[in-house]
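**Q** By this note's numbering, the letter at position 142 of the sequence shown is numbered 196, and the numbering carries on one by one without gaps.
Glycine included, every Cβ here is placed at the ideal spot set by N, Cα and C.
Would you mind keeping the following structure in view while I ask a few things?
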Amino acid sequence: MNKNIIKTILYSLILAYASSCTEKLDIEVAGDESKTLVVYGSITTDTTSHMVTLSRTVSVNDTSITYESNAHLTITDGSKIIELTETGPGVYITAPDVYGEVGKTYTLNITLEDGEEYTASSRLNPVSTIDSVVLKKVDVNLAGLNYIIYFNGLEPAGKGNYYIWNLYLNDTLYNSLDETTFESDDFVDGQYVYDFDIYWIDEEDFVWDTVKYTVEMLSITEEYYNYLYEVMSETAWRGGPFDATPANVSTNISGDAQGFFYAAAVTRKDSVFIESEAETVAY
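And the structure:
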């Protein structure tokens with residue numbers, strides 16, 4: 055896989071997180087002059103301004119991303135067309151009253167200033183219910199004290215469901231890009247999921263006495279799940295002696311572009327943890 059394409063994909067992913075957190079991810083890359091278009095964006099069931107970013111791969115010596123401006127972008131569900139407006143170089147957003155609907159397939163259409171066209175489609179799948187989320191102070195054998203976030207809920211029957219979980223602490227996104235939890239229902243199809251540990255926080259990183267914690271759960275397609283797995287396998291998870299041979303990362307963008315456009319349903323559950331009142335449990 056061209057590592058410069060991966061570099062730009064990751065920067066585009068990071069930009070999508072930027073409204074909630076600051077992410078730094080250093081990656082060594084080889085030079086590349088192909089200037090491949092990289093697309094990253096989404097539409098969810100949230101009523102908000104949904105974002106799509108357009109950028110180009112750059113050479114290894116460049117310290118900034120080359121963004122693709124002056125493009126025309128729309129998202130359609132087959133019956134209505136949603137226009138996107140460029141609010142900054144390469145950053146395109148919908149109006150703030152836009153939301154996706156479960157069961158519909160959304161298609162992103164891109165026309166660049168030079169007339170080149172690209173498309174990508176994603177079905178918006180339903181998300182299962184979060185019954186509860188629990189933060190526990192846990193003394194883990196050989197690992198010391200950790201604060202662990204657990205998920206509880208029924209996984210709907212029928213294999214082929216895929217999920218992402220994000221964690222917010224005091225309304226700020228906690229998980230970094232390379233630590234985001236995403237899973238399939240391969241081993242829990244139709245079962246009640248009890249105390250699934252989705253995030254661990256080291257003792258030295260837990261700086262609050264009272265903290266509001268929110269778990270955000272998104273349904274995603276199998277294609278986007280595979281994309282995330284491949285991107286992480288080529289970057290943040292590499293470095294071991296048994297790494298697989300580098301390979302191309304999949305994409306749902308037409309033509310020779312890279313990146314991904316996905317649709318997702320979103321649900322959330324929040325609670326409050328008070329350190330001074332919490333008991334430590336053994337793991």
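Per DSSP, what kind of secondary structure is LEU223 in: helix, strand or coil?
**A** Looking at LEU223 - three-state DSSP - the assignment turns out to be strand.
**Q** Taking LEU199 as part of the alpha helix (DSSP H), name the residues at either end of that continuous run.
**A** Careful: LEU199 lies outside any alpha helix (DSSP H), inside the beta strand (DSSP E) at 198-208.
**Q** Would you kindly check if the distance between the Cβ of LYS89 and the Cβ of THR111 is under 8 Å?
**A** Cβ distance < 8 Å, so THR111 and LYS89 count as in contact.
**Q** Only counting the same chain, and skipping five residues up and downstream in sequence, which positions put a Cβ closer than 8 Å to that of SER74?
**A** Summary for SER74: the model assigns pLDDT 42, below 50, so the residue's position carries little reliability; its value from the coordinates is reported in the next sentence. Once the five neighbours on either side are set aside, the close Cβ partners of SER74 are TYR222, THR226 and LEU227.
**Q** By the three-class DSSP mapping on this structure, what secondary structure does ILE81 have?
**A** For ILE81, the pLDDT reaches just 36, beneath the cut-off of 50, and the residue's location in the model is therefore unreliable, although a value from the coordinates is still provided. Looking at ILE81 - three-state DSSP - the assignment turns out to be coil, as it is neither helix nor strand.
**Q** Going by the DSSP bridge assignment, what does LEU272 pair with across the sheet?
**A** LEU272 pairs with ILE218 and VAL320.
**Q** Give a yes or no on contact between the region 268-276 and the region 133-145, applying the rule of three or more CB pairs nearer than 8 Å.
**A** In short, these stretches do not touch, since the Cβ pair count stays below three.
**Q** For THR130, collect the residues of the same chain with a Cβ closer than 6 Å to its Cβ; drop the 5 residues on either side in sequence, then sort them by chain order.
**A** Here the set comprises THR161.
**Q** Where in the region 138-168 do unbroken runs of the beta strand (DSSP E), each at least 3 residues long, occur, reported from the N-terminal end onward?
**A** Runs found: 139-142, 145-147 and 159-165.
**Q** What is the rounded straight-line gap between the Cα of TYR121 and the Cα of VAL247?
**A** Cα-Cα distance, rounded: 42 Å.
**Q** Does DSSP classify GLU175 as helix, strand or coil?
**A** Residue identity differs from the one stated: residue 175 is Ser in this sequence, not Glu. DSSP places SER175 in strand when its eight states are reduced to three.
**Q** Sort out for me which residues DSSP pairs ASP100 with in a bridge.
**A** Looking at the DSSP assignment, ASP100 forms no beta bridge with any residue, so it has no partner.
**Q** For the region 243-261 and the region 200-214, state whether three or more C-beta atom pairs, one from each stretch, are separated by less than 8 Å.
**A** Touching, yes.
**Q** On the DSSP bridge list, what partners appear for ILE16?
**A** For residue 16 there is no data in the structure shown, the boundaries of the chain being 55 and 337.
**Q** Could you tell me the boundaries of the beta strand (DSSP E) in which VAL303 lies?
**A** Here VAL303 belongs to no beta strand (DSSP E), and DSSP marks it neither H nor E.
**Q** If we call anything under 8 Å between Cβ atoms a contact, is GLU284 one with SER304?
**A** Contact: yes.
**Q** Note down, in chain order, each residue of its chain lying with its Cβ closer than 7 Å to the Cβ of ASP249, except the 5 sequence neighbours on either side.
**A** Closer than 7 Å at Cβ, skipping near neighbours: TYR204 and ASN206.
**Q** What did DSSP end up calling TYR228 once you bin it into helix, strand or coil?
**A** Here TYR228 sits in coil by DSSP.
**Q** Using C-beta distances below 8 Å, list every residue in its chain close to THR128, excluding the 5 sequence neighbours before and after it, in chain order.
**A** Counting only Cβ-Cβ distances below 8 Å, and skipping sequence neighbours, we find ILE135, ILE136, GLU137, LEU138, LEU162 and ASN163.
**Q** Along the beta strand (DSSP E) that carries LYS190, what are the first and last residues, could you check?
**A** Element bounds for LYS190: 186-194.
**Q** In the DSSP assignment, the beta strand (DSSP E) including PHE250 goes from what residue to what residue?
**A** It spans 246-256 - the beta strand (DSSP E) in which PHE250 sits, taken as one unbroken run.
**Q** Short of 6 Å in beta carbon distance, which residues of its chain neighbour TYR146, apart from the five on each side in sequence? Order them along the chain.
**A** So the list reads VAL106, LEU127, LEU138 and GLU140, once near-sequence residues are dropped.
**Q** When DSSP builds the beta bridges, which residues end up paired with ALA311?
**A** In the DSSP output, where bridge partners are listed per residue, ALA311 has none listed.
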